[in-house]
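Peer 1: Sharing a structure below in structure tokens format, with a few things to ask.
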Amino acid sequence: MPQMAPMNWILLFLMSILMFYLFSNLNYFINYKPADFKNMNNIKINKNLWKW
């Protein structure tokens with residue numbers, strides 16, 4: 001695309017930050033499940049959730 005305005009680069013930069021944030025937290029979105037109140041004693045904390 002010729003004659004790229006600076007706004008295009010700013011949007012590209014912001015979208016790259018957003019993509020990095022989403023992909024870094026993919027493990028949370030994949031493993032997310034609502035609370036199972038029938039098996040409250042069997043809940044195991046996902047250690048990868050705290051890994052940055």
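Numbered per the numbering used here, the sequence shown spans residues 1 to 52.
From the three backbone atoms N, C-alpha and C, an ideal C-beta is built for every residue, glycine too.
Just the Cα atoms here: how many angstroms apart are residue 10 and residue 33?
Peer 2: For residue 10 and residue 33, the gap between their C-alpha atoms comes out near 35 Å.
Peer 1: Please confirm whether residue 29 and residue 22 have their CB atoms less than 9 Å apart.
Peer 2: yes
Peer 1: Just how far apart, CA to CA, sit residue 31 and residue 24?
Peer 2: 13 Å
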